[in-house]
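Structure first, commentary second.
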Amino acid sequence: NAGVTQTPKFRVLKTGQSMTLLCAQDMNHEYMYWYRQDPGMGLRLIHYSVGEGTTAKGEVPDGYNVSRLKKQNFLLGLESAAPSQTSVYFCASSSDRGIVSSYEQYFGPGTRLTVT
Amino acid sequence: QKEVEQDPGPLSVPEGAIVSLNCTYSNSAFQYFMWYRQYSRKGPELLMYTYSSGNKEDGRFTAQVDKSSKYISLFIRDSQPSDSATYLCAMSFYNQGGKLIFGQGTELSVKP
Numbered sequence: 051n052a053g054v055t056q057t058p059k060f061r062v063l064k065t066g067q068s069m070t071l072l073c074a075q076d077m078n079h080e081y082m083y084w085y086r087q088d089p090g091m092g093l094r095l096i097h098y099s100v101g102e103g104t105t106a107k108g109e110v111p112d113g114y115n116v117s118r119l120k121k122q123n124f125l126l127g128l129e130s131a132a133p134s135q136t137s138v139y140f141c142a143s144s145s146d147r148g149i150v151s152s153y154e155q156y157f158g159p160g161t162r163l164t165v166t
Numbered sequence: 207q208k209e210v211e212q213d214p215g216p217l218s219v220p221e222g223a224i225v226s227l228n229c230t231y232s233n234s235a236f237q238y239f240m241w242y243r244q245y246s247r248k249g250p251e252l253l254m255y256t257y258s259s260g261n262k263e264d265g266r267f268t269a270q271v272d273k274s275s276k277y278i279s280l281f282i283r284d285s286q287p288s289d290s291a292t293y294l295c296a297m298s299f300y301n302q303g304g305k306l307i308f309g310q311g312t313e314l315s316v317k318p
């Protein structure tokens, strides 16, 4: 099993450009999450999904959109990148088989994004 | 004020030391408390979890929750260089679809 994979691993964007980050999981998990991690800020939830076709806003959703068309994939889009979106982005997934299982999140390796 | 506060460190200790990592929180409705470990340039991984108050032990690691003080701790006994990582506390309300609120993380370095 590959677990959670993220594409790409690194990216440099110019202000105003758009891009999509892809997250894929092969554990048949219902729940998926997108976080950003900045120095001194910990992990902050951007958007999450509790199942195929559903998405919801997290703590810092502005400037991002998401889609979950297939259960195994969760896409994060930046429509018009800004320097404030320079960060490391992590995708995670978890099972819906019990409350404790839902909190055991499996993380991908991260995408390092720089917006100049 | 963040809902979950954690001293970012860095914390440097000699090999074999007992390490104490702590988080405070403001919302008394939190029910589940977790510790994640994150090695450099990797994604976090779940280390331990506890439900409500009390202690939980797993090998060299002990997690404590004091809901009356809104304070959680992770103790590492006989610390090893391989324990060098960032430790993030996380917590959640009951049945929140897996949503977690993370602390800022404490960077730990264990020197041989």
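Residue numbers (the numbering used here), protein chains in the order written: chain A, 51 to 166; chain B, 207 to 318. Backbone N, C-alpha and C define an ideal beta-carbon position, used for all residues, glycine too. As the structure is a computational prediction, the values presented were derived from the model and not from experiment.
Query raised in the report: Bridge partners of ALA74 (chain A), per DSSP?
Result: Translated into positions along the first sequence, residue 74 (chain A) becomes position 24. ALA74 (chain A) pairs with A:THR55 and A:ASN123.
Requested in this report: Report the three-state DSSP secondary structure of TYR153 (chain A) (helix, strand or coil).
Outcome: Taking the first residue of the first sequence as position 1, residue 153 (chain A) is located at position 103. Note: TYR153 (chain A) maps to helix in three-state DSSP.
Query raised in the report: At what residues does the beta strand (DSSP E) containing LEU63 (chain A) begin and finish?
Result: By one-based count along the first sequence, residue 63 (chain A) stands at place 13. From DSSP, the beta strand (DSSP E) with LEU63 (chain A) extends over 60-63.
Query raised in the report: Nearest CA to the CA of VAL204 (chain A): which residue from A:VAL54, A:SER152 and A:TYR98?
Result: No information on residue 204 (chain A) is available, as it lies outside the stretch 51 to 166 that chain A covers here.
Report task. Determine the extent of the beta strand (DSSP E) in which MET297 (chain B) is found, giving its start and end residues. Result -> Here residue 297 (chain B) corresponds to residue number 91 of the second sequence, with the count starting at 1. First-last of the beta strand (DSSP E) with MET297 (chain B): 291-298.
Query raised in the report: Below 8 Å, can you find three or more Cβ-Cβ pairs linking the segment 71-80 of chain A to the segment 211-225 of chain B?
Result: Contact between the segment 71-80 of chain A and the segment 211-225 of chain B is absent, with fewer than three C-beta pairs closer than 8 Å.
**Report entry** For LEU294 (chain B) and THR256 (chain B), the rounded distance between their alpha carbons
**Finding:** Against the second sequence, residue 256 (chain B) aligns to sequence position 50. Against the second sequence, residue 294 (chain B) aligns to sequence position 88. Cα to Cα, the separation comes out at about 14 Å.
Query raised in the report: What whole-angstrom Cβ distance do ASP284 (chain B) and LEU314 (chain B) have, given they're in contact under 8 Å?
Result: Position 78 of the second sequence, counted from the first residue, corresponds to residue 284 (chain B). Position 108 of the second sequence, counted from the first residue, corresponds to residue 314 (chain B). At roughly 14 Å, the Cβ-Cβ gap does not stay under 8 Å, so ASP284 (chain B) and LEU314 (chain B) are not in contact.
Report task. Compare the beta carbon distance of GLY309 (chain B) and CYS229 (chain B) with 8 Å and say whether it is the shorter of the two. Result -> Taking the second sequence and counting its residues from 1, the one referred to as residue 309 (chain B) is at position 103. Taking the second sequence and counting its residues from 1, the one referred to as residue 229 (chain B) is at position 23. Contact flag set, yes.
**Report entry** DSSP three-state assignment for SER137 (chain A), whether helix, strand or coil
**Finding:** Here residue 137 (chain A) refers to the residue found at position 87 when the first sequence is read from its first residue. It is a strand residue.
Query raised in the report: Of all the CB atoms in chain B, is at least one closer than 8 Å to the CB of PHE60 (chain A)?
Result: Locating residue 60 (chain A) in the first sequence gives position 10, counting from the first residue. In terms of beta-carbon proximity, PHE60 (chain A) stays away from the interface with chain B, with every pair separated by 8 Å or more.
Query raised in the report: Helix or strand or just coil, what does DSSP make of SER234 (chain B)?
Result: As a working note, residue 234 (chain B) is residue 28 in the second sequence. In this structure, SER234 (chain B) counts as coil in the three-state DSSP scheme.
Query raised in the report: Of all the CB atoms in chain A, is at least one closer than 8 Å to the CB of GLN310 (chain B)?
Result: Translated into positions along the second sequence, residue 310 (chain B) becomes position 104. By this cut-off, GLN310 (chain B) is an interface position.
Query raised in the report: Do SER259 (chain B) and LEU227 (chain B) come within 8 Å of each other at the CB atom, strictly closer than that value?
Result: Here residue 227 (chain B) refers to the residue found at position 21 when the second sequence is read from its first residue. Here residue 259 (chain B) refers to the residue found at position 53 when the second sequence is read from its first residue. No, these two residues do not count as a Cβ contact at 8 Å.
Query raised in the report: In angstroms, rounded to a whole number, what distance separates the CA positions of ASP112 (chain A) and SER218 (chain B)?
Result: Here residue 112 (chain A) is taken as the residue at index 62 of the first sequence, counted from 1. Here residue 218 (chain B) is taken as the residue at index 12 of the second sequence, counted from 1. C-alpha separation (whole angstroms): 37 Å.
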